[in-house]
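> Provided herewith is a single structure, encoded as structure tokens, for subsequent inquiry.
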Amino acid sequence: MSDSSKDTLGYWEVVSIGIGGMIGGGIFAVLGLSVELAGGGAPVAFLIAGIIALVTSYSYARLSVSFPSQGGTVAFLDRAFGPGLMTGAANILLWISYMVMLSLYSYAFGSYGASFFPPESQLFWKHVLITASVVGITGLNLLNAGLIGKAEDWIVALKLIILAVFIGVGIWGIDGARLAVSTWSDPLNLVAGGMIIFLAYEGFELIANTAQDVRDPSKNLPRAFYSSVGFVIVLYVLVAIVTVGSLPVDKVAEAKDYALAEAARPSLGQTGFILIAIAAMLSTSSAINATIYGAARLSYIIAKDGELPEVLEKKIWGKPVEGLLITSGVTLLIANLTDISSMSTMGSAGFLIIFAAVNAANAVLARDTGSRRMVSLLGVALCLAALGALVWQTAISTPGKLWFLVAILGAAFLTEATFRLATRRKLNPSGR
């Protein structure tokens with residue numbers, strides 16, 4: 000936000016930022032995965048994930064009111080724990096998690112776009128569209144970062160309307176037997192089904208980055224956090240109910256890369272499939288645009304704090320170009336070389352760790368933020384328990400995928416440790 004925009008955001012504008020951040024593309028990308036794991040209990044899985052997000056939003060709200068900063072999460076961790084090795088590694092993990100989110104969005108863009116092609120050529124076109132979405136939007140950000148952003152409000156409105164139509168029409172045709180408790184997965188898979196799609200809720204933290212620009216922040220910021228997360232919980236649960244109630248679980252799993260479009264067929268026919276697929280492509284492209292620049296800017300903030308090489312804090316044409324290119328390059332590799340389940344596991348695990356840290360930060364700063372420490376400690380416990388369920392389920396079903404999680408954690412820690420040993424660069428924590 001520029002200085003000219005200070006104190007210009009009211010309650011509804013901030014709510015729209017939170018809702019737009021959450022319904023950026025995650026629901027289109029990971030719905031099928033949740034149904035595959037949780038079965039008929041997918042709505043409950045979405046509810047469990049939403050409750051964890053809602054509890055965590057309390058910490059974000061209190062920290063944002065007390066320490067408004069464009070640095071958001073990075074500033075909160077630095078203020079609570081100081082600029083140590085673990086804090087720096089956590090901040091880099093946040094950057095990597097954004098890259099995984101970008102990979103998921105571009106994968107979803109490619110999957111929904113490829114669904115318009117013959118089955119035998121869909122794999123080819125999926126990878127073409129994945130690459131085109133990342134390269135194309137990176138180019139747009141280098142030339143004109145606001146080009147897609149100018150249409151963001153319309154894209155958010157359009158996808159909300161289409162999802163409302165999907166729910167409004169589909170709710171009348173659901174088969175209640177498909178939602179019966181007997182169709183639910185066991186408790187571990189039910190929780191894991193919620194955690195693998197947890198990243199569909201992570202966008203509410205973008206509200207923290209606007210804190211300096213909000214009118215009456217002590218009133219509007221907490222209300223915006225809670226109401227945006229609450230609205231999205233209801234929306235996601237209803238979408239899951241219609242999806243599971245409209246299609247057998249095996250059909251959803253078969254079409255998991257574009258499950259939401261397939262779930263529209265029973266009530267809206269081919270027209271519904273096309274509408275949802277187009278909405279998904281618009282949604283994921285706008286999410287790629289917002290996240291790719293946000294992730295590049297995050298690398299700039301971390302570098303300004305002295306936790307990444309100095310070259311990443313230099314701007315060309317007023318943009319953090321090096322961070323943007325690194326973000327895009329890593330995104331292309333992840334999106335083209337891993338599957339959607341691995342990306343979701345990495346992304347959700349990364350954000351659960353970050354959100355546990357933010358809850359812990361608010362517990363540490365409870366006196367400064369006027370918070371109830373027990374609420375934040377509950378958030379820590381919920382995030383870590385959810386992470387444990389996700390890791391345990393992955394270890395049982397597909398243990399090889401745990402290496403992806405080890406890889407991103409190791410990359411974050413080793414990058415920070417190596418950088419500190421090699422440069423001895425002075426730290427300038429943004430939160431202090």
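Using numbering that gives the first Met the number 0, the first residue of the sequence shown is number 0, and each one after it goes up by one.
By construction, the Cβ of each residue, glycine as well, lies at the ideal position given by its N, Cα and C atoms.
Assuming A362 contacts L404 (C-beta within less than 8 Å), just tell me the rounded distance between them.
So it is not a contact: roughly 25 Å between Cβ atoms.
> Helix, strand or coil: how does DSSP classify L364 here?
L364 sits in coil when the DSSP states are folded into three classes, being neither helix nor strand.
> Just to confirm before moving on: does the CB-CB distance between D256 and A41 stay below 9 Å?
no
> When we look at the beta-carbon of D215 and count the other beta-carbons within 10 Å, is it buried (16 or more) or exposed?
exposed
> DSSP beta-bridge partners for V213?
L8
> Of the choices M280, S56 and T290, whose alpha-carbon is the least far from that of I353?
S56
> Out of curiosity, what's the CA-to-CA distance linking T337 and R366?
44 Å
> Tell me whether P67 is buried or exposed, calling it buried when 16 or more other Cβ atoms sit within 10 Å of its Cβ.
buried
> List the endpoints of the continuous alpha helix (DSSP H) containing F45.
Counting along the chain, the alpha helix (DSSP H) containing F45 begins and ends at A41 to S65.
> Between the Cα of V155 and the Cα atoms of V241, I170 and T283, which residue gives the shortest distance?
T283
> What is the residue span of the alpha helix (DSSP H) that Q69 lies within?
Per DSSP, Q69 lies in no alpha helix (DSSP H) and is assigned neither H nor E.
> Would you list, in sequence order, the uninterrupted alpha helix (DSSP H) runs of no fewer than 4 residues that lie entirely inside the segment 155–202?
186–194
> Taking all protein chains shown into account, do 16 or more other C-beta atoms lie within 10 angstroms of the C-beta of E261, making it buried, or fewer, making it exposed?
buried
> Just verifying my parser: in three-state terms, what is the DSSP assignment at G268?
Three-state DSSP puts G268 in a helix.
> Name the two residues that bound the continuous alpha helix (DSSP H) containing A113.
Under the DSSP assignment, A113 falls in the alpha helix (DSSP H) whose first and last residues are L84 to A113.
> CB F203 to CB G20, shorter than 9 Å?
yes
> What residue does the alpha helix (DSSP H) around R372 start on, and which one ends it?
Per DSSP, R372 belongs to the alpha helix (DSSP H) from R372 to S396.
> Can you list, in chain order, the residues of its chain whose CB lies under 6 Å from that of K314, leaving out five sequence neighbours each side?
In this prediction, K314 has a pLDDT of 49, which is less than 50 and means its spatial position is unreliable; nothing more can be read from the coordinates.
> Answer with buried or exposed for M280, where buried requires no fewer than 16 other C-beta atoms within 10 angstroms of its C-beta.
buried
> Would DSSP call G81 helix, strand or coil?
Residue state, collapsed to three classes: coil.
> If you reduce the DSSP assignment to three classes, tell me which class G349 lands in.
helix
> For the candidate residues T290, R419, L267 and V34, whose alpha-carbon lies nearest to that of S96?
T290
> Short of 6 Å in beta carbon distance, which residues of its chain neighbour R177, apart from the five on each side in sequence? Order them along the chain.
G39, V243 and G244
> So S102 and I333 are supposed to be a Cβ contact under 8 Å. How far apart are they, rounded?
Confirmed, Cβ separation roughly 4 Å.
> Pick out whichever of V34, T86, G9 and I170 has its Cα sitting closest to the Cα of D185.
V34
> Label S120 either buried or exposed according to how many other C-beta atoms from any shown protein chain fall within 10 Å of its C-beta, with 16 as the threshold for buried.
exposed
> Residue range of the alpha helix (DSSP H) that E35 falls in?
That run of the alpha helix (DSSP H) goes G25 to A37.
> Give me the Cα-Cα distance between V233 and P221, rounded to the nearest whole angstrom.
Straight-line Cα distance between these residues: approximately 19 Å.
> Which of helix, strand or coil does DSSP assign to D249?
helix
> State the CB to CB distance for the pair G9 and N208, rounded to an integer number of angstroms; the pair is presumed to be in contact (CB under 8 Å).
Actually they are not in contact, since the Cβ atoms of G9 and N208 sit about 16 Å apart, beyond 8 Å.
> Taking its Cβ as the centre, do 16 or more other Cβ atoms sit within 10 Å of V231, making it buried, or is it exposed?
buried
> Rounding to the nearest angstrom, what Cα-Cα distance links V248 and K125 in this structure?
24 Å
> Whole angstroms are fine: how far does the CA of V13 sit from the CA of L413?
36 Å
> Starting from the C-beta of L331, find all residues in its chain whose C-beta is less than 7 Å away, skip the five residues before and the five after it, and write them out in chain order.
T130 and V133
> If you draw a straight line from the C-alpha of I206 to the C-alpha of I16, how long is it?
Using only the alpha carbons, I get a separation of about 6 Å.
> Mapping the DSSP letters down to three states, classify I22 as helix, strand or coil.
coil
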